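Peer 1: If you read the sequence shown in our numbering, its first letter stands for residue 36, the second for the next number, and so on.
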Amino acid sequence: MPLAYPTIALVRADSVSVPRTTLARAPSWTPGGTLLDRRARPLHDVRISVTDRCNFRCSYCMPKDVFHKDYPYLPHSALLSFEEITRLARQFLALGVRKIRLTGGEPLLRKNLEVLVEQLSGLRTLEGQAPDLTLTTNGALLARKAKALRAAGLQRITVSLDGLDDAVFRAMNDVDFPVADVLRGIEAAQAAGLGPIKVNMVVKRGCNEDEIVPMARHFRGSGVVLRFIEYMDVGASNGWRMDEVLPSAQVLARLQDAFALLPLPANAAGETAQRWGYADAQGRHDASAGEIGLISSVSQAFCGDCNRARLSTEGQLYLCLFASQGHDLRTLLRTGASDAELAAAIAHIWQGRDDRYSELRGALPDTGGARRRVEMSYIGG
Ligand code: SAM
Ligand code: SF4
Ligand code: SF4
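1. Should tryptophan 385 and aspartate 167 be called a contact, given that it needs their Cβ atoms to be closer than 8 Å?
2. Quick one: residues with CB closer than 7 Å to any heavy atom of ligand 3, in chain order, please.
3. Quick one: residues in its chain with C-beta nearer than 8 Å to the C-beta of asparagine 302, no 5 flanking neighbours on either side, listed in chain order?
4. Please go through the same chain and pick out, in chain order, the residues whose beta-carbon is closer than 8 Å to the beta-carbon of arginine 205, but skip the five residues on each side of it.
5. Taking 8 Å as the CB-CB limit, is phenylalanine 357 close to chain B?
6. Kindly indicate which three-state DSSP category aspartate 87 falls into: helix, strand or coil?
7. At a cut-off of 7 Å, would you count glutamate 162 as near ligand 1, judging by its Cβ distance to the nearest heavy atom?
8. Do you know whose CA, among Ala379, Ser359, Ser347, Ala375, lies nearest serine 365's CA?
9. Taking 8 Å as the cut-off, decide whether the C-beta atoms of arginine 262 and alanine 324 are in contact.
10. For valine 286 versus valine 333, is the C-beta spacing smaller than 8 Å?
11. Whose C-alpha, out of His103, Gly230, Ser393, is nearest the C-alpha of isoleucine 192?
12. So, is aspartate 374 buried or exposed, given that buried needs 16 or more other C-beta atoms within 10 angstroms?
13. Quick check on DSSP: helix, strand or coil for threonine 258?
14. Which first and last residues belong to the alpha helix (DSSP H) in which leucine 168 is found?
15. Glutamine 351: buried (16+ other C-beta within 10 angstroms of its C-beta) or exposed?
16. Quick check on glutamine 309: does DSSP put it in helix, strand or coil?
17. Using C-beta distances below 6 Å, list every residue in its chain close to tyrosine 108, excluding the 5 sequence neighbours before and after it, in chain order.
18. Can you have a look at serine 116 and say buried or exposed, based on whether 16 or more other CB atoms are within 10 angstroms of its CB?
19. Would you tell me roughly how many angstroms separate the C-alpha atoms of asparagine 208 and cysteine 93, rounded to the nearest one?
20. Any idea which residues DSSP pairs arginine 345 with across the strands?
21. Would you list, in sequence order, the uninterrupted alpha helix (DSSP H) runs of no fewer than 4 residues that lie entirely inside the region 212-283?
22. Can you grab the Cα-Cα spacing for the pair alanine 358 / valine 409, in whole Å?
23. Only counting the same chain, and skipping five residues up and downstream in sequence, which positions put a Cβ closer than 8 Å to that of threonine 121?
24. Excluding the 5 residues preceding and the 5 following glycine 140 in the sequence, name in chain order all residues of the same chain whose CB lies nearer than 8 Å to its CB.
25. Output the distance between the C-alpha atoms of leucine 8 and arginine 179, rounded to the nearest integer angstrom.
26. Can you determine whether any heavy atom of ligand 2 sits closer than 7 Å to the C-beta of methionine 267, and answer yes or no?
27. Is tyrosine 417 buried or exposed, if buried means 16 or more other CB atoms sit within 10 Å of its CB?
28. Contact check, glycine 131 vs histidine 79 under 8 Å by CB: the rounded distance?
29. Do glutamate 246 and leucine 199 have their beta-carbon atoms positioned less than 8 Å apart in this structure?
30. With a threshold of 8 Å on Cβ separation, who are the neighbours of valine 217 within its own chain once the five nearest residues in sequence on each side are excluded?
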């Protein structure tokens with residue numbers, strides 16, 4: 036029986052304490068068993084935010100008027116240390132997690148990140164394999180860091196890039212950062228052997244929709260998998276409006292006007308992207324030209340397969356991107372919880388999970404954008 040936790044509502048760091056006294060009697064999960072939430076979804080993927088800071092101010096994520104120079108970012112003492120992150124990651128893997136994604140904020144701003152990568156790459160899944168270890172970055176510092184990250188054990192990387200046109204890109208990142216530097220970062224990642232590389236483009240109607248086809252043309256045949264993401268109503272500060280979402284079906288229509296595409300099967304259960312391959316003259320998938328992905332978080336919810344948990348920069352466990360509260364694992368870590376207690380706490384929290392925000396989005400009352408939710412830069416995308 037999942038325990039009822041008290042609820043409090045804060046935009047950034049709302050948290051629910053995880054009472055140690057309840058842990059011993061809480062979970063029905065047994066080590067080695069399959070851990071499922073209330074909708075029978077396993078826990079396979081954990082995204083770990085390593086900083087709430089960023090060197091970009093993408094308007095859909097960290098708009099300048101909210102994330103200004105006096106914004107109260109977390110103090111260093113509040114962040115989980117690398118040892119704390121690694122200890123929690125070990126418990127996640129013991130519960131069946133296979134994939135770890137480092138994110139933020141901008142993860143490459145976290146000092147000595149390659150030390151954390153090295154620690155995480157030494158962990159093992161329940162099957163005795165190295166975890167699928169990856170990282171999402173805006174690419175600004177990638178040219179400088181790609182080699183060291185690869186040497187530390189990072190396997191692959193996702194780079195966010197919202198356009199190729201320099202003026203459009205500078206406007207999207209809102210710090211006047213040049214696109215050429217991100218493209219150099221992607222090349223450096225390829226040269227360092229980080230692969231396959233994915234590039235994520237958030238499509239915001241009226242901002243970068245004219246970049247869809249040029250982006251596809253640029254990455255076609257490059258080995259990079261380009262994915263188009265619908266602009267989401269995540270967080271509470273981006274002033275999201277439905278009419279700024281360009282549904283994936285329309286993105287696909289534009290692509291199909293320019294290229295012959297054919298649908299590809301999902302690689303794995305819980306995959307967020309619908310895959311489309313470039314077709315050859317015979318209508319078969321031309322593997323050398325590669326593929327693109329469509330992530331339709333708004334127009335076609337995929338909560339039914341959602342197997343992801345998110346660990347915030349200060350050690351709050353979030354069960355949904357749209358959650359307004361997390362579960363405080365840092366206090367457990369810092370008050371002497373044993374590994375078994377930590378694993379039991381995570382198992383217990385996952386077993387109580389019922390989240391499916393995107394499926395319910397249309398049916399939720401319109402709060403005029405005032406819904407209190409955690410920011411993506413804090414929880415990790
Ligand atoms: N700073 C890194 C980056 O941009 O790749 C990692 C963190 S960022 C929060 C992770 C991903 O979330 C990025 O691909 C970004 O484009 C995406 N993202 C942020 N806000 C979003 C929104 N409102 N809708 C859709 N995707 C969003
Ligand atoms: Fe920074 Fe990434 Fe958010 Fe853009 S999407 S503001 S790069 S954290
Ligand atoms: Fe998963 Fe929440 Fe997104 Fe649904 S809305 S796919 S439960 S993170």
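The beta carbon of each residue, even a glycine, is placed where N, CA and C say it ideally should be. Predicted model only: the values in this text are computed from it and were never measured.
Peer 2: Taking the definition as stated:
1. Residue mapping note: residue 385 aligns to position 350 of the sequence shown, counting from 1. Residue mapping note: residue 167 aligns to position 132 of the sequence shown, counting from 1. Here tryptophan 385 is not near aspartate 167, since their CB atoms are 8 Å or more apart.
2. Ser332, Ala336, Phe337, Cys338, Cys341, Arg343, Cys355, Leu356, Phe357, Asp390, Arg391, Tyr392, Ser393, Glu394
3. Locating residue 302 in the sequence shown gives position 267, where the first residue counts as 1. Once the five neighbours on either side are set aside, the close Cβ partners of asparagine 302 are Arg310.
4. As a working note, residue 205 is residue 170 in the sequence shown. The answer, listed in chain order, is Asp211, Phe212, Pro213, Val214.
5. Within the model displayed, chain B is absent; a lone protein chain is all it includes.
6. What you label residue 87 is simply residue 52 of the sequence shown in a count that begins at 1. Three-state DSSP puts aspartate 87 in coil, outside helix and strand.
7. Reading the sequence shown from its first residue, position 127 is the one you call residue 162. Flag unset: Cβ of glutamate 162 not near ligand 1.
8. Looking up residue 365 in the sequence shown gives position 330. According to the sequence provided, residue 365 is arginine. The question's serine does not apply to it. Arginine 365 has its Cα closest to that of Ser347, out of Ala379, Ser359, Ser347, Ala375.
9. Counting from one through the sequence shown, the residue named residue 262 turns up at place 227. Counting from one through the sequence shown, the residue named residue 324 turns up at place 289. No, Cβ-Cβ distance for arginine 262 and alanine 324 is not below 8 Å.
10. Taking the sequence shown and counting its residues from 1, one reaches residue 286 at position 251. Taking the sequence shown and counting its residues from 1, one reaches residue 333 at position 298. Taking 8 Å as the Cβ cut-off, valine 286 and valine 333 do not qualify as a contacting pair.
11. To locate residue 192, count along the sequence shown from 1; it is residue 157. Its Cα nearest to that of isoleucine 192, the residue Gly230 stands out among His103, Gly230, Ser393.
12. On the sequence shown, position 339 is the one that residue 374 refers to. Exposed: under 16 other Cβ atoms inside 10 Å.
13. Counted from its first residue, the sequence shown places residue 258 at position 223. Strictly speaking, residue 258 in this sequence is glycine, with threonine absent from that position. The DSSP-derived three-state label of glycine 258 is coil.
14. Along the sequence shown, read from residue 1 onward, the residue named residue 168 stands at position 133. Taken as a continuous stretch (DSSP letters only), leucine 168 belongs to no alpha helix (DSSP H), being part of the beta strand (DSSP E) at 167-172.
15. Here residue 351 refers to the residue found at position 316 of the sequence shown. By the neighbour-count rule (16 or more Cβ atoms within 10 Å), glutamine 351 is buried.
16. Position 274 of the sequence shown, counted from the start, is the residue given in the question as residue 309. Strand, per DSSP.
17. Here residue 108 refers to the residue found at position 73 of the sequence shown. Within the same chain, tyrosine 108 has close Cβ partners Asp87, Arg88.
18. Sequence index remark: in the sequence shown, residue 116 carries index 81 (1-based). So serine 116 counts as exposed.
19. Translated into the one-based positions of the sequence shown, residue 208 becomes position 173. Translated into the one-based positions of the sequence shown, residue 93 becomes position 58. Each residue's Cα considered, the two are about 4 Å apart.
20. Numbered from 1 along the sequence shown, position 310 holds the residue referred to as residue 345. Answer is Arg82, Tyr353, bridged to arginine 345.
21. 214-227, 247-254
22. Your numbering for residue 358 matches position 323 in the sequence shown. Your numbering for residue 409 matches position 374 in the sequence shown. Approximately 6 Å between the Cα atoms of the pair.
23. As a first step, residue 121 is located in the sequence shown; it is residue number 86 there, counting from the start. Excluding sequence neighbours, threonine 121 sits near Leu151, Gln154, Leu155, Leu158.
24. For the purposes of this step, residue 140 is taken as the residue at position 105 of the sequence shown. Within the same chain, glycine 140 has close Cβ partners Ser84, Val85, Thr86, Asp87, Arg88, Cys89, Thr348, Ser412, Tyr413, Gly415.
25. Shown here, the chain extends from 36 to 416; a query on residue 8 therefore has no answer.
26. The residue given as residue 267 occupies position 232 in the sequence shown. Answer for methionine 267: no, Cβ out of range of ligand 2.
27. In the structure displayed, the chain extends from 36 to 416; residue 417 sits before or after that span and is not available.
28. By one-based count along the sequence shown, residue 131 stands at place 96. By one-based count along the sequence shown, residue 79 stands at place 44. About 7 Å separates the two Cβ atoms, so the contact holds.
29. The residue you call residue 199 lines up with position 164 of the sequence shown. The residue you call residue 246 lines up with position 211 of the sequence shown. Against a cut-off of 8 Å, the Cβ pair of glutamate 246 and leucine 199 comes out as a contact.
30. Position 182 of the sequence shown, counted from the start, is the residue given in the question as residue 217. Within the same chain, valine 217 has close Cβ partners Asn173, Gly174, Ala175, Leu177, Val194, Leu196, Phe204.
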